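Heads up, the thing below is written out as structure tokens.
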Amino acid sequence: MKRLIASPQLAAVFRWILGLIFIYASIHKIADPIAFSEAIYNYQILPDMLINSLAIWLPWLELFAGLSLIIGIWIKGGALIISVLSTAFAIAVGSALFRGLDISCGCFYSYDTEEIIEWTYMVQDLCLLIMGLQVLFFDKGRYAFHYSKLCGIKR
61 MKRLIASPQL AAVFRWILGL IFIYASIHKI ADPIAFSEAI YNYQILPDML INSLAIWLPW
121 LELFAGLSLI IGIWIKGGAL IISVLSTAFA IAVGSALFRG LDISCGCFYS YDTEEIIEWT
181 YMVQDLCLLI MGLQVLFFDK GRYAFHYSKL CGIKR
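Basically the working numbering = 1-based index in the sequence shown + 60.
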């Protein structure tokens, strides 16, 4: 079991899964920052003055982290960002559930059609955190579209 947990091959699979998830999650947020700012506001955690700034830069951070995992540049940094974001998302969802807020997640889709948050969203965020930590500690950079391969540079 220990060998599986520390497996670079498992880390490569997790890296691709996380990269694709975070790239996909960023697309709607980048395209509609106003709707995303409303989703952030609904959590009632942050001061109003931070919400618009967060709605603008957070999706780009998600996109950067996801691309870094797929491309193979700054893999450890991308995994760390994803781990921190997943922790923050789990805390936000847990807080909203604890306070009985009836809100949508703001994770992937159009915010009007998205389902209301439930405990499974928190479990999902914790799974993303576990995958991110596994990549952070055990990834060897295999199976990435490394920039040197894309540019024809020999290492």
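Note that beta-carbon positions come from the ideal geometry of N, C-alpha and C, so glycine has one too. This one's a predicted model, so the numbers in the text were calculated from it and none came from an experiment.
- Query: Who are the Cβ neighbours of Asp162 in its own chain at under 7 Å, not counting the five residues just before and after it?
  - Reply: Ile176
- Message: Just to check my reading of the structure: Ala146 and Asp185 have Cβ atoms closer than 8 Å, yes? What is that Cβ distance to the nearest angstrom?
- Response: Looking at the sequence shown, residue 146 is not Ala but Ser. Their Cβ separation, rounded to whole angstroms, is 5 Å, which keeps Ser146 and Asp185 in contact under 8 Å.
- Task: State buried or exposed for Pro107, treating a residue as buried only when at least 16 other CB atoms are found within 10 Å of its CB.
- Result: exposed
- CB contact flag (Tyr103, Ile111, <7 Å): no
- Where does Ser113 sit, in a helix, a strand or coil, going by DSSP? helix
- Have a look at Gly166, Lys136, Ile151, Gly154 and flag the residue whose alpha-carbon is nearest the alpha-carbon of Arg75. Lys136
- Task: Grab me the residues of Ile105's own chain with a C-beta within less than 7 Å of its C-beta, minus the 5 sequence neighbours each way, in chain order.
- Result: Ala152, Ser155
- Task: Using a threshold of 7 Å, state whether the C-beta atoms of Ile115 and Ser97 are closer than that.
- Result: It should be pointed out that residue 115 corresponds to Ala in this sequence rather than to Ile. Cβ distance < 7 Å, so Ala115 and Ser97 count as in contact.
- When you compare each of Phe124, Ala148, Leu70 to Leu80 by their alpha carbons, which one comes out closest? Phe124
- Task: Within the region 78-102, note down every full alpha helix (DSSP H) run reaching 4 residues or more, in order along the chain.
- Result: 93-102
- Whole-Å CB distance - Ala139 paired with Val195, under 8 Å assumed: 4 Å
- Residue environment, Lys89, which counts as buried when at least 16 other CB atoms sit within 10 Å: buried
- Report the three-state DSSP secondary structure of Ser164 (helix, strand or coil). strand
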